[in-house]
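Here the protein sequences line up with chains A and B, keeping their order. Residue numbers for the first sequence follow numbering that gives the first Met the number 0, so the first one is 0 and each next one is one higher. Residue numbers for the second sequence follow numbering that gives the first Met the number 0, so the first one is 0 and each next one is one higher. We treat Cβ as the ideally placed atom computed from N, Cα and C, and that holds for glycine. Reviewing the structure listed below.
Protein chains: 2
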Amino acid sequence: MTRHFAAEDTLFSAEDPVTVIGTLVKGSVKTYKLLPDGRQQVVGFLFPGDFIGSAIFRTNRCFAEALSPVEVCVFPHASLQRLMSEIPALEHQMLKLAHDDLDLAQEWMLLLGRKTAQERVATFLCLLFEKAKKRGHCGAPIDLPMNRSEIADYLGLTIETVSRQLSKLKSAGVISINGSHAIELRKADQLAELAAGGD
Amino acid sequence: MTRHFAAEDTLFSAEDPVTVIGTLVKGSVKTYKLLPDGRQQVVGFLFPGDFIGSAIFRTNRCFAEALSPVEVCVFPHASLQRLMSEIPALEHQMLKLAHDDLDLAQEWMLLLGRKTAQERVATFLCLLFEKAKKRGHCGAPIDLPMNRSEIADYLGLTIETVSRQLSKLKSAGVISINGSHAIELRKADQLAELAAGGD
DNA sequence: CGAGCGATTGAACGCTCTCAAAGTGAGTGG
DNA sequence: CCACTCACTTTGAGAGCGTTCAATCGCTCG
């Protein structure tokens, strides 16, 4: 069963019962956590092919919002539970996904806890270019479905700092920017070096 | 099979083949990631009863170091693989653990990306007191197996900032400190409020 | 009792945030 | 087609939180 969401729609909220589990088919999604006063931390950006939702928890642990018109191939919660208990390979696959997510989250803890603003932005761009490469993009500018505010909330920075760092990378010739939602990689080596941090 | 490690021993390193998977029986462990220049981010503290190591990856994604003399009940990698494929319930349990870890990691991303120094220290103490409570501790001062440097590397701060915030909480009467490795909770409500952030 | 390491405290600096203003681009209506 | 609007982005200047550097304290161990 496929479900559709408009841009800026909320797919699900923390604390609510799990209703959306499945594979993202079209569009992109941000998942995030909130503090009582509204401060936001994006914990992940999802793209077509990515799995969304938890087949383990009864209630969601974070919020999910569509960044663009989204299409999700949804599994009914009950039938997924049954499938998982019947097909060990499926559960194994889920375990693999969970471990990949955990490793990425911990890599991001390193970024949020110990990297400078420049390193964070460089790391973020590296990740995006890498993901784009895996989906067949080659050379051409890639599309940023999220705005500066959402990038900032992913990197633990402010929009101004993100903007400044992007400008810096642009004037250094590492990337080129077209209209704030399209970025092209110019010097991959240099970007990777900045992302890893001075050594 | 049980393996023993002395304090400050490295249980395993990132990139190395997985050799240690099992349950922590005695002592405590920190897991962490490193940047090329030595900056460190602690991604978890493990206590008796906690599962350690990844049954999925062939190589470790982080480092693990003993904070005190440690005893681990280790499963041989091959036999664990076999057990997991034979006993679906075991794999399900691992999946549950992975999801719990993932949620904690994302909660920590929120802490590292968006919380102030005071909120970070308060959240950390809340977590410790909560864990201690689950293991039967009641009221009495709890032991901090890690030093200030390791707390700082968990919270994305410096030792000086951690020390200052602890002193602040102490003089506010929220906690009391005995010799830098024993902390007692005095005002749980107030600590929880500080941890959540102003609202 | 002295050495040495970790923790605490103090003072000044700096990176990022905050506040503010100007620039840009997409969408709308005349 | 152009002027207008509005939201988002960029850029600038100043402030603040946490860091850095430095000195003192306190505990443990020889």
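Interface partners of residue 101 of chain B on chain A, CB under 7 Å:
Translated into positions along the second sequence, residue 101 of chain B becomes position 102. Correct list: 97, 100, 101, 104.
Counterpart residues of residue 153 of chain B in DSSP-defined beta bridges: To locate residue 153 of chain B, count along the second sequence from 1; it is residue 154. Bridge partners of residue 153 of chain B: none, in fact.
| field | Member of A/174, A/166, A/137, A/19 whose CA lies at the smallest distance from the CA of residue 75 of chain A | value | One-based indexing of the first sequence puts residue 75 of chain A at position 76. Out of A/174, A/166, A/137, A/19, A/19 has the C-alpha closest to the C-alpha of residue 75 of chain A.
(message) Taking DSSP's pairing of strands, which residues face residue 23 of chain B in a bridge?
(response) On the second sequence, position 24 is the one that residue 23 of chain B refers to. Answer is B/71.
*Distance, Cα to Cα, residue 29 of chain B vs residue 54 of chain B?*
In the second sequence, the residue the question calls residue 29 of chain B occupies position 30. In the second sequence, the residue the question calls residue 54 of chain B occupies position 55. Spanning the two alpha carbons is a distance of roughly 18 Å.
| said: Using the Cβ count rule (16 or more neighbours within 10 Å means buried), how would you classify residue 133 of chain A? | reply: Position 134 of the first sequence, counting from 1, holds the residue named residue 133 of chain A. By the neighbour-count rule (16 or more Cβ atoms within 10 Å), residue 133 of chain A is not buried but exposed.
**Item:** Reference residue 12 of chain B; option with closest CA among B/21, B/31, B/26
**Value:** Here residue 12 of chain B is taken as the residue at index 13 of the second sequence, counted from 1. With distances taken between CA atoms, residue 12 of chain B lies nearest to B/31 out of B/21, B/31, B/26.
Give a yes or no on whether the minimum CB-CB distance between residue 36 of chain B and chain A is below 7 Å.
Indexing the second sequence from 1 puts residue 36 of chain B at position 37. Closer than 7 Å to some Cβ of chain A, the Cβ of residue 36 of chain B qualifies, so yes.
Next item on the list: Using a Cβ-Cβ cut-off of less than 7 Å, give me the residues of the segment 51 to 73 of chain A that come near chain B, in sequence order.
Entry: Correct list: 53, 55, 56, 60, 61.
Boundaries (first-last residue) of the beta strand (DSSP E) holding residue 175 of chain B: Working through the second sequence from its first residue, we reach residue 175 of chain B at position 176. Start and end: 174 to 177.
Query raised in the report: Contact check, residue 153 of chain A vs residue 123 of chain A under 8 Å by CB: the rounded distance?
Result: Stepping through the first sequence from its first residue, residue 153 of chain A is reached at position 154. Stepping through the first sequence from its first residue, residue 123 of chain A is reached at position 124. About 7 Å separates the beta carbons of residue 153 of chain A and residue 123 of chain A, which is inside the 8 Å limit, making them a contact pair.
**Prompt:** In chain B, which residues lie with their C-beta within 8 Å of the C-beta of residue 87 of chain A?
**Reply:** Along the first sequence, read from residue 1 onward, the residue named residue 87 of chain A stands at position 88. Correct list: 84, 87, 90.
key: Sub-7 Å separation of residue 186 of chain B and residue 176 of chain B beta-carbons   = As a first step, residue 186 of chain B is located in the second sequence; it is residue number 187 there, counting from the start. As a first step, residue 176 of chain B is located in the second sequence; it is residue number 177 there, counting from the start. No.
>> Along the segment 109 to 137 of chain B, where does the CB come closer than 9 Å to a CB of chain A? Name the residues.
In response: Along the segment 109 to 137 of chain B, the positions whose C-beta sits under 9 Å from a C-beta of chain A are 109, 110, 111, 112, 113, 114, 118, read in chain order.
*asked:* Would residue 93 of chain B pass as an interface residue toward chain A - the criterion being a Cβ-Cβ separation below 7 Å?
replied: Taking the second sequence and counting its residues from 1, the one referred to as residue 93 of chain B is at position 94. So yes, residue 93 of chain B belongs to the interface.
With distances taken Cα to Cα, identify the nearest neighbour of residue 120 of chain B among B/35, B/49, B/173, B/10.
Looking up residue 120 of chain B in the second sequence gives position 121. Nearest option by C-alpha distance: B/173.
For this session: Name the one or two DSSP bridge partners that residue 63 of chain B has.
Result: The sequence position of residue 63 of chain B within the second sequence is 64, counting from 1. Answer by DSSP bridge pairing, in chain order: B/11, B/30.
Shorter than 7 Å from the beta carbon of residue 32 of chain A to some beta carbon of chain B?
On the first sequence, residue 32 of chain A is found 33 positions in, with the first residue counted as 1. At least one beta carbon of chain B lies nearer than 7 Å to the beta carbon of residue 32 of chain A.
Give me the subset of the segment 139 to 172 of chain B whose CB atoms are less than 7 Å from a CB atom of chain A, sorted by chain position. Residues 155.
Residue ranges of each alpha helix (DSSP H) run of no fewer than 4 residues wholly in the segment 68 to 134 of chain A, ordered along the chain? Counting whole runs of 4 or more residues, the segment 68 to 134 of chain A contains the alpha helix (DSSP H) stretches 76 to 85, 87 to 113, 116 to 133.
Handout entry: Whole-angstrom distance between residue 41 of chain A and residue 149 of chain A, CA atom to CA atom
Key = For the purposes of this step, residue 149 of chain A is taken as residue 150 along the first sequence, with counting starting at 1. For the purposes of this step, residue 41 of chain A is taken as residue 42 along the first sequence, with counting starting at 1. Distance between the alpha carbons of residue 149 of chain A and residue 41 of chain A: 7 Å.
| Cβ neighbours of residue 194 of chain A in the same chain (closer than 8 Å, five flanking residues each side left out) | Position 195 of the first sequence, counting from 1, holds the residue named residue 194 of chain A. Same-chain partners within the cutoff: 118, 121, 122, 124, 125.
Assuming residue 116 of chain A and residue 160 of chain A form a contact by the criterion Cβ under 8 Å, report the distance between their Cβ atoms to the nearest whole angstrom.
Counting from one through the first sequence, the residue named residue 116 of chain A turns up at place 117. Counting from one through the first sequence, the residue named residue 160 of chain A turns up at place 161. About 5 Å separates the two Cβ atoms, so the contact holds.
* **Neighbouring residues, chain B, relative to residue 42 of chain A (Cβ below 7 Å)** => Residue 42 of chain A sits at position 43 when you count from the first residue of the first sequence. The contacting residues are 105, 108.
Step through the CB atoms of chain A and report whether any lies within less than 7 Å of the CB of residue 196 of chain B.
One-based indexing of the second sequence puts residue 196 of chain B at position 197. Yes, because at least one Cβ of chain A sits closer than 7 Å to the Cβ of residue 196 of chain B.
If you count every other CB in all the chains shown that lies within 10 Å of the CB of residue 37 of chain A, and 16 or more means buried, which is it? Counting from one through the first sequence, the residue named residue 37 of chain A turns up at place 38. The residue is exposed, with fewer than 16 neighbouring Cβ atoms inside 10 Å.
I need the boundaries of the beta strand (DSSP E) containing residue 2 of chain B, first residue and last residue. Within the second sequence, residue 2 of chain B is the residue found at index 3, counting from 1. From DSSP, the beta strand (DSSP E) with residue 2 of chain B extends over 1 to 4.
Please identify the residue among B/182, B/146, B/155 whose C-alpha is closest to the C-alpha of residue 67 of chain B. As a working note, residue 67 of chain B is residue 68 in the second sequence. Here the closest residue by C-alpha is B/146.
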